[in-house]
Amino acid sequence: MDYKGRDNMEVLIEEMSKSRISTMPNILFGLLEVFKDPKANASHFVEAINKDQSIVVKLLEIANSPAFGMGKVSNLESAFILLGEDMVKELVFSLIVSKNLNFDGGYCDFSAAKLWENSLVVAASNKTICQVYLGDYDDCNYLDFYTAGLLKEFSLVMMRQFFYTKEFKSVISKRFLNKIDLHKIEKEYLGFTHEELGRKLAKIWNFPEDLSYIMGYHHTYQASDVFLSKHLDFLFHTSQVSQWMCYNINERMSERAIKFGYTHSDLKYIDTDVVSSLDFLNIDEVGISSLENILVSDVKKLEKANWLVVEK
Ligand SMILES: [Fe+2]
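Its first residue numbered 339, the sequence shown is counted upward by one per residue in my numbering.
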């Protein structure tokens, strides 16, 4: 990285460190530990979630939305019964990550809200692929896969929030006008890529190694010959298929495309990388259709509950 990249990244990180977003990782991974603990039960989860009243309020709001309730859910125990454990955990994670984000405005086809929608859908797809295809592997917990989907592009969200500069907007408009993958041009304008920023953020926040690699190498993983673990391979290939599923569904359901959020590259059609990920996970044509159906129904649920951010 050249001096321009280092300087720009320093500015971004300095701004970010003054924001409340810097407390997000501790809260998220503290909860992840409780949520993944095989000995923990609903009362442990409730106790952990109750520490953050803004999350509790939002959860109850969703549980009482027409999509789920009849306006009678007044505590977390009832929300667990009504929504189910998986959904409460996913809601809590997405709320923790998103609660200090700025979703105002947008530029060309980009906005933080649309990018966040995409992250939510990728996270939901990651969870399903993990549950359907990786259930036999002990170390594949769907919450890790869900979290990877949520945070894969988090460095881009941070760029929007703390580095919304002329240079950043140039990258966005260039990608939009010329249909170039964003990660291929950002170095030229910013001096750093969102993968490089992802690696830096993961280091600052002391993220687990696999998640750091997903944030830091999700575009270059296959070319970089990185092999750390089977778990990371699963995480990478699952995230790649999930990202592709968003485009795939966009193509087939064009009127709903906007709802699947901002996608920063143009991987619309199946290519050799996606084929190798599908093969790696043993997902065939029938599997793709079935995953698509689950994803469409999950997205409907997200929309009904107003869980997807409504763009301002
Ligand atoms: Fe990316």
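Beta carbons are placed, not taken as given, at the ideal position from N, Cα and C, and that holds for glycine.
F418 carries a helical assignment under DSSP once its states are collapsed to helix, strand and coil. The count of Cβ pairs closer than 8 Å, one atom from the stretch 534-554 and one from the stretch 507-516, stays below three, leaving the stretches out of contact. Segment contact: the stretch 465-483 against the stretch 558-573, three or more CB-CB distances shorter than 8 Å; contact assigned.
Contact check for V430 against I387 passes: the beta carbons are separated by less than 8 Å.
An exposed status is given to T558, since fewer than 16 other beta-carbon atoms sit within 10 Å of its beta-carbon. The beta carbon of K396 lies closer than 6 Å to those of L433 in the same chain, with the five residues before and after it left out. Taking C-beta separations shorter than 7 Å and ignoring five residues to either side along the sequence, the partners of T531 in its chain run H521, E524 and K525, following chain order. E534 and Y555 have their C-alpha atoms spaced approximately 8 Å apart. Annotation for E491 indicates a beta carbon within 7 Å of some heavy atom of ligand 1.
With a threshold of 7 Å, the Cβ atom of H556 counts as near ligand 1, since some heavy atom of the ligand is closer than that. DSSP, read as helix, strand or coil, puts Y475 in coil. Residue side-chain check: H532 places its Cβ nearer than 7 Å to a non-hydrogen atom of ligand 1.
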